[in-house]
Structures are given as C-alpha cells and as structure tokens.
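Asker: I have a structure here, written as structure tokens, and I will follow up with some questions on it.
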Amino acid sequence: MNQLYAFKTNFLNPEKSDSKAKDNHFGHSTRNICFQWLDGQRAFYNYAFLVSVKLETSNKNINSLSIYFTSDTVVLEGYHLNILFDLFLFHFPKIISQEDHRYFKQDKKDYYITSIEIKG
12 MNQLYAFKTN FLNPEKSDSK AKDNHFGHST RNICFQWLDG QRAFYNYAFL
62 VSVKLETSNK NINSLSIYFT SDTVVLEGYH LNILFDLFLF HFPKIISQED
112 HRYFKQDKKD YYITSIEIKG
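If you want it as structure tokens, here you go:
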C-alpha cells in the first residue's frame with residue numbers, strides 16, 4: 012500500500028484516524044491566539060488575519076507591542092516584550108494573559124503583560 016493511498020484512507024475511514032486527536036479535538040490546524048484579562052474577559056483572533064506586529068521600546072523597562080489584525084489592533088504593555096515579539100514571528104503564542112503589575116520581579120526573564128487594550 013503506497014503512502015498516498017494510506018493517507019487518503021485515513022480520511023475515508025474515521026475509525027482508523029488518530030483516536031487521541033478525535034477525542035480531545037486537538038487535531039485541527041486552526042491557529043488562534045487568545046487574550047485574557049485579569050477580570051476574566053477573553054478574546055481570540057485567528058492568525059490568518061494577523062497583518063503585522065510592532066515593538067516599541069522606551070527608556071523605562073516597560074515596552075509596548077502593537078498587534079495589527081485586519082479588524083482590530085491589540086496593544087500590549089509590559090516587560091521583556093522583545094521575547095514575545097520573536098515568538099510572533101512563528102505564530103507560537105496561543106494564550107496571552109494579563110498579570111498584575113504589582114507582582115512583577117525585575118529578575119524575571121520571561122515576558123510579563125501588564126495591560127491589554129483592543130482598539131477597533
């Protein structure tokens with residue numbers, strides 16, 4: 012049985028497909044990014060509508076990251092956002108969560124989001 016035939020039969024016979032992907036619905040190829048606020052609000056956008064990302068650094072440690080989608084612009088403020096900018100190059104971020112600025116530690120090496128704003 013050649014590889015192309017085996018590939019096609021997986022779609023024709025759903026019982027032969029990967030049961031793990033079927034059970035928890037992680038087998039899809041849709042690429043979304045979800046933003047979560049401190050108060051529990053959430054919003055998601057599809058990476059297909061991502062136009063560009065712009066990193067703005069200032070004299071302080073706080074950076075700004077503008078994420079331009081076709082419908083809205085999401086502006087993130089926080090620390091070490093250059094790391095997040097690099098991750099956006101490859102569409103890696105899945106969930107971006109806002110965190111309280113009072114708990115930021117200067118020795119933290121990962122990005123830290125203190126503000127999420129959606130501009131329409």
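According to the numbering used here, the sequence shown is numbered sequentially starting from 12. Glycine included, C-beta positions come from ideal geometry on N, C-alpha and C. None of the values given here were measured: they were computed from a predicted structure.
#1: Taking 8 Å as the cut-off, does the stretch 63-71 touch the stretch 118-131 (at least 3 CB pairs, one atom from each stretch)?
#2: According to the neighbour-count rule (16 or more other Cβ atoms, all chains shown, within 10 Å of its Cβ), is residue 46 buried or exposed?
#3: How close, in whole Å, do the beta carbons of residue 56 and residue 89 come, if the pair is a contact with beta carbons under 8 Å?
#4: Tell whether a beta-carbon distance below 9 Å holds between residue 124 and residue 98.
#5: Taking residue 117 as the reference, which of 111, 94, 72 has the closest Cα?
#6: Kindly give me the distance between the Cβ atoms of residue 78 and residue 85, rounded to whole angstroms, as I take these residues to be in contact under 8 Å.
#7: Assign residue 106 to one of two classes, buried (16 or more other C-beta atoms within 10 Å of its C-beta) or exposed (fewer than that).
#8: Please work out which residues of its chain come closer than 7 Å, Cβ to Cβ, to residue 83, disregarding the five sequence neighbours upstream and downstream, and give them in chain order.
#9: Out of 49, 44, 42, 41, point me to the one whose CA is closest to residue 114's CA.
#10: Can you tell me whether residue 72 is helix, strand or coil according to DSSP?
Answerer: Let me lay it out:
#1: no
#2: buried
#3: About 18 Å separates the two Cβ atoms, so there is no contact after all.
#4: no
#5: 72
#6: 4 Å
#7: exposed
#8: 129, 130, 131
#9: 49
#10: The DSSP-derived three-state label of residue 72 is coil.
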